[in-house]
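K.L.:
Numbering (UniProt numbering), first residue to last: 1 to 164. The C-beta atom is built at its ideal place from N, Cα and C for all residues, glycine as well. One structure, pasted below without further comment.
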Amino acid sequence: MQAAAACRTLSRTLVLVARNSRPSHTTVRSLSFAQPLSSQRLYTEKHEWVSVNGKIGTVGISQHAQEALGDIVYAELPEVGAKLQKDDSAGALESVKAASDVYSPVSGKVTERNEAVEKEPGLINKFVYEKGWLFKLELEDPSELKSLMDDAAYEKFLKSQESH
C-alpha cells in the first residue's frame, strides 16, 4: 500500500486525506482543535468580553483587565435569574491591587454563573478566556452586539489608551 497524504488547515480544522493503492477509495479524517477562536469574542471599553453561541452569551474580563488587576482573590458574580441591562454592574472582582466592578456587555437574563471561579478566583488569571469566564446570559437584544469591538478594534482601543 502506497501512502500519499495531503494536509490542509481550514479554519483551525486539520484535514488529512490518505489514498490506498486503489484511487477510487479515499479516507478523510478531520481533527478539530478545541481552542476557541479569539475572533468569536466581542469587547467593551470597560474590558469585558462576550462570546455568543446561539442566544447564550458567555461573559468574562479581558487579558488586559486581568493583567491590570493582578492576582484576583475574590469574585462576586450575578445570581442566576437576574435580569441585567447593557452596562449594568453585574458583580465585582477583588485583587491584591484593587477592586473592580464587572459590567454586563449586553442585556439579558443570567442563566449560569461560574462557580469554579467563585471558589478559585485565580482561574481568571490563569485561564481568562477559557475556565475564567464569569457568567452566561440569554441575550435579550442581539443587536446590542453591534456596539461592541472585535479583536482588531479592541487592540486599537488599547493602543489609543496607552498614549493617554
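1. Given G70, which residues of its chain have a CB within under 6 Å of its CB, disregarding the five upstream and five downstream residues?
2. Could you compute how far the alpha carbon of K86 sits from the alpha carbon of P105?
3. Run through the segment 66–109 for me and flag every whole beta strand (DSSP E) of 3 or more residues, listed as ranges in chain order.
4. Based on Cα-Cα distance, which residue from D101, K126, V73 lies nearest to D48?
5. Where L14 and A99 are concerned, what is the direct C-alpha to C-alpha distance, given to the nearest angstrom?
6. Beta strand (DSSP E) containing K146: first to last residue?
7. Check whether the segment 69–83 touches the segment 133–140, counting contact only when three or more Cβ pairs, one atom from each stretch, lie closer than 8 Å.
8. Since W133 contacts V59 with CB under 8 Å, what's their CB separation in whole angstroms?
9. With burial defined as no fewer than 16 other Cβ atoms inside 10 Å of the residue's Cβ, what is the status of P121: buried or exposed?
10. Under 8 Å by Cβ, that's how I've got K131 and A116 pegged, so tell me the actual separation to the nearest angstrom.
11. Could you check if G57 is buried or exposed, using at least 16 other CB atoms within 10 Å of its CB as the buried criterion?
12. Can you tell me whether Y103 is buried or exposed? The criterion is at least 16 other CB atoms within 10 Å of its CB, across all chains shown.
13. Can you tell me where the beta strand (DSSP E) holding L42 begins and where it ends?
14. Could you give the DSSP three-state label for L139: helix, strand or coil?
P.N.:
Here's the rundown:
1. S95, V96, K97
2. 5 Å
3. Qualifying beta strand (DSSP E) stretches, in chain order: 72–76, 89–95, 99–103.
4. Before going further, note that residue 48 is Glu rather than Asp in the sequence given. It is D101 whose Cα lies nearest to the Cα of E48.
5. Caution applies to L14, whose pLDDT of 34 falls short of 50 and renders its modelled position unreliable; the model cannot decide the point.
6. Boundaries for K146: no beta strand (DSSP E) harbours it, and the DSSP string shows neither H nor E there.
7. yes
8. 7 Å
9. buried
10. 7 Å
11. buried
12. Around the beta carbon of Y103, 16 or more other beta carbons sit within 10 angstroms, so the residue counts as buried.
13. 41–43
14. strand
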